[in-house]
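Undergrad: Quick one: the structure is below, and I'll ask about it shortly.
Numbering (the working numbering), first residue to last: 66 to 250.
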């Protein structure tokens with residue numbers, strides 16, 4: 066059990082059947098009345114952020130979120146299979162659980178799989194990935210007065226904007242959080 070008075074950033078707890086994580090907290094002791102804890106918290110499964118005030122003696126059940134590094138193996142329909150590198154067991158995860166930034170992940174890349182009571186709710190790809198450009202228009206000389214970009218298709222099928230000097234067949238580094246081109250490799 067944890068009380069609201071024990072809240073710290075990053076603490077996870079169960080409230081009304083939901084798993085919440087403390088984003089910000091502030092202990093408030095007004096001149097009149099009882100003290101309270103103003104809390105900004107995020108539902109770790111849905112991502113919704115709410116602000117609530119609690120009595121410092123309010124008790125909540127601790128919630129342990131498991132974060133495990135797993136290797137992406139293959140896709141079969143709407144199921145994405147991840148391998149546990151310690152036990153070599155494959156775990157199927159539904160496509161609906163995956164974020165938009167998963168389009169930058171190719172086979173054999175390590176991802177962090179978050180679960181609560183055995184139920185997977187999030188898959189985090191690596192922050193930076195190196196992928197090959199499989200299709201892009203050729204750049205034109207003299208067209209570099211501004212930060213001009215062109216569309217490029219990567220080996221995973223994802224499309225991003227790249228500078229004009231990037232050619233087909235080159236390997237580039239991408240930030241998966243924003244989907245932006247970072248550099249040549």
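Every residue gets a Cβ at the ideal spot worked out from N, C-alpha and C, and that includes glycine.
Are the beta-carbon atoms belonging to residue 100 and residue 94 less than 9 Å from one another?
TA: Within the chain shown, the letter at position 35 stands for residue 100. Within the chain shown, the letter at position 29 stands for residue 94. Yes, they are a contact pair.
Undergrad: Counting along the chain, where does the beta strand (DSSP E) carrying residue 233 start and finish?
TA: Position 168 of the chain shown, counted from the first residue, corresponds to residue 233. From DSSP, residue 233 is part of no beta strand (DSSP E); its letter is neither H nor E.
Undergrad: Tell me the DSSP secondary structure of residue 168 in three-state form.
TA: To locate residue 168, count along the chain shown from 1; it is residue 103. Note: residue 168 maps to helix in three-state DSSP.
Undergrad: Using only alpha-carbon positions, find the residue among 179, 203, 67, 69 that is nearest to residue 134.
TA: Against the chain shown, residue 134 aligns to sequence position 69. Nearest of 179, 203, 67, 69 to residue 134, Cα basis: 179.
Undergrad: If distances are taken between C-alpha atoms only, which option among 188, 165, 123, 145 comes closest to residue 243?
TA: Your numbering for residue 243 matches position 178 in the chain shown. Cα-wise, what sits closest to residue 243 is 165.
Undergrad: Starting from residue 104 and walking both ways along the beta strand (DSSP E), at which residues does that stretch end?
TA: As a first step, residue 104 must be located in the chain shown, where it is residue number 39. 101-108 is the span of the beta strand (DSSP E), which, as asked, contains residue 104.
Undergrad: Are three or more beta carbon pairs between the segment 67-75 and the segment 118-131 nearer than 8 Å?
TA: yes
Undergrad: Run the CB neighbour count on residue 187, radius 10 Å, all protein chains shown included, and call it buried at 16 or more, exposed below.
TA: The count along the chain shown starts at 1 and reaches residue 187 at position 122. Classification of residue 187: buried, given that the 10 Å Cβ count is 16 or more.
Undergrad: Smallest Cα separation from residue 171: which of 218, 155, 137, 117?
TA: Counting from 1 along the chain shown, the entry for residue 171 is found at position 106. Closest by alpha carbon: 137.
Undergrad: Would you kindly work out how many angstroms separate the C-alpha atoms of residue 199 and residue 121, rounded to a whole number?
TA: Numbered from 1 along the chain shown, position 134 holds the residue referred to as residue 199. Numbered from 1 along the chain shown, position 56 holds the residue referred to as residue 121. One C-alpha to the other measures close to 57 Å.
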